[in-house]
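All letters in the sequence shown, in the order written, are residues 1 to 280 by the UniProt record's numbering.
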Amino acid sequence: MKVLITGATGRIGSRLVQRLLQKGYSVSMLVRQPERVQALKNLGAEIIQGDLLQPESLIHAAANQDVIIHLAAFFRGATAEETHSVNLEGTVALARAALQAGVSRFIFASTNLVYGPGRLQPFVEDDLPYPAAPYPKSKAAAEQKLLELQRTDGLGLTILRLAFVYGEGDPHLEEGLRWFRNWNPAQPIHMVHHADVAQAIILAAENERSVGHIFNVADDEPVPVGDIMSIYNEPIAGDSRNRPVDSSWLQIVATKKIREQLGFKPIYPALRNAVESGTL
């Protein structure tokens with residue numbers, strides 16, 4: 001299977017490329033700065049230089065591909081305008097290139113943050129998004145544009161709404177302490193290990209039942225942030241248990257759909273499994 005990946009320089013993409021190569025996929029990486037993926041090229045991935053904001057470069061990149069896995073996005077350190085341009089306009093341009101090239105599958109990595117402020121029961125895929133910040137707003141807008149292209153032009157679309165991604169040396173979890181230390185330590189956050197993000201993407205790429213669907217991707221047990229803080233020996237303030245739950249970060253999701261439809265089963269069902277196995 002020939003696969004084009006955007007975002008190979010990122011935390012998810014760099015780990016995913018290695019797994020796809022191990023499975024025997026033919027992997028191409030769309031990148032702006034080829035020097036940043038030399039190590040992945042040495043493992044067997046092909047470099048295609050291009051830019052999401054330069055549509056003419058995307059036509060060449062999409063040619064002769066079976067699957068496009070779109071991970072690239074602006075998140076931290078970007079203005080609202082930059083976030084909109086890359087995450088929405090760049091995504092639509094890539095999807096149009098996929099249609100022009102006859103690519104059969106287009107897998108879009110979204111986020112559970114699109115659901116907006118949380119509630120008592122888990123979000124399911126049919127719940128309407130109410131994103132609050134620029135990043136999830138851009139992702140939700142991209143989802144809607146892609147769904148339109150799926151309905152009107154037959155884009156072979158699968159949307160994966162990823163929970164908080166961690167594991168395998170990714171500093172994301174430790175970086176989260178800057179938020180977690182301000183929460184009630186009992187407040188849960190839903191996460192997913194890099195190995196299970198890769199599992200979900202591979203299942204979506206290989207299973208025709210994924211086309212035209214949105215799937216939540218998360219582990220089995222949302223974890224209290226106090227448990228995360230204890231891993232890093234982060235002190236818990238004495239009055240913190242009286243703090244209200246921050247609903248803006250309470251995106252607990254149901255994963256029944258991806259389990260039943262694609263056979264997803266977390267390799268790391270909970271954070272403690274990753275801790276015990278040494279795969280943080």
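Positions of the beta carbon are idealized from the N, C-alpha and C atoms, including for glycine. Note that the structure is a prediction, hence the values are computed from the model and not measured.
{"Query": "Taking Cβ positions, are residue 225 and residue 192 nearer each other than 8 Å?", "Result": "no"}
{"Query": "May I ask you to verify whether the stretch 135-154 touches the stretch 112-119, counting CB pairs closer than 8 Å and requiring at least 3?", "Result": "yes"}
{"Query": "Could you give the first and the last residue of the continuous alpha helix (DSSP H) run that contains residue 272?", "Result": "271-277"}
{"Query": "State buried or exposed for residue 219, treating a residue as buried only when at least 16 other CB atoms are found within 10 Å of its CB.", "Result": "buried"}
{"Query": "So within the stretch 168-231, which uninterrupted beta strand (DSSP E) runs reach at least 3 residues, ignoring any that extend past its ends?", "Result": "191-193, 213-217"}
{"Query": "Would you report the Cα separation of residue 160 and residue 200, rounded to the nearest angstrom?", "Result": "8 Å"}
{"Query": "Are the beta-carbon atoms of residue 304 and residue 267 separated by less than 8 Å?", "Result": "Residue coverage of the chain in this structure runs from 1 to 280, which leaves residue 304 outside it and unanswerable."}
{"Query": "From the beta carbon of residue 30, is the nearest beta carbon of chain D less than 8 Å away?", "Result": "No chain D is part of this structure, which consists of one protein chain only."}
{"Query": "Express the C-alpha separation of residue 246 and residue 54 in angstroms, rounding to a whole number.", "Result": "39 Å"}
{"Query": "On a CA-only basis, which of 12, 262, 239, 118 is nearest residue 214? Give me that one, please.", "Result": "262"}
{"Query": "Does DSSP classify residue 152 as helix, strand or coil?", "Result": "helix"}
{"Query": "Hey, could you find the ends of the beta strand (DSSP E) residue 57 is sitting in?", "Result": "Not the beta strand (DSSP E): residue 57 falls in the alpha helix (DSSP H), residues 55-62."}
{"Query": "Whole angstroms are fine: how far does the CA of residue 270 sit from the CA of residue 24?", "Result": "29 Å"}
{"Query": "Kindly provide the ranges of any beta strand (DSSP E) runs that are 3 or more residues long and lie completely inside the stretch 72-128, ordered along the chain.", "Result": "105-111"}
{"Query": "Assign residue 187 to one of two classes, buried (16 or more other C-beta atoms within 10 Å of its C-beta) or exposed (fewer than that).", "Result": "buried"}
{"Query": "So what does DSSP say about residue 161, is it helix, strand or coil?", "Result": "strand"}
{"Query": "Report buried or exposed for residue 22, applying the criterion of at least 16 other Cβ atoms within 10 angstroms of its Cβ.", "Result": "exposed"}
{"Query": "Could you compute how far the alpha carbon of residue 182 sits from the alpha carbon of residue 26?", "Result": "44 Å"}
{"Query": "For residue 245, name the three-state secondary structure that DSSP assigns.", "Result": "coil"}
{"Query": "Label residue 166 either buried or exposed according to how many other C-beta atoms from any shown protein chain fall within 10 Å of its C-beta, with 16 as the threshold for buried.", "Result": "buried"}
{"Query": "Between the beta-carbon of residue 248 and the beta-carbon of residue 185, is there less than 8 Å?", "Result": "no"}
{"Query": "Looking at residue 264: is its Cβ nearer than 8 Å to the Cβ of residue 173?", "Result": "no"}
{"Query": "How would you call residue 156, buried or exposed, if buried means at least 16 neighbouring beta carbons within 10 angstroms?", "Result": "buried"}
{"Query": "With distance defined between alpha-carbon atoms, name the residue in 272, 46, 28, 18 nearest to residue 223.", "Result": "272"}
{"Query": "Answer with buried or exposed for residue 135, where buried requires no fewer than 16 other C-beta atoms within 10 angstroms of its C-beta.", "Result": "buried"}
{"Query": "What is the C-beta distance between residue 3 and residue 69, in whole angstroms, given that I count them as a contact (C-beta under 8 Å)?", "Result": "6 Å"}
{"Query": "Over the uninterrupted alpha helix (DSSP H) stretch that includes residue 17, give me the two end residues.", "Result": "11-22"}
{"Query": "Assuming residue 63 contacts residue 50 (C-beta within less than 8 Å), just tell me the rounded distance between them.", "Result": "12 Å between Cβ atoms; not a contact."}
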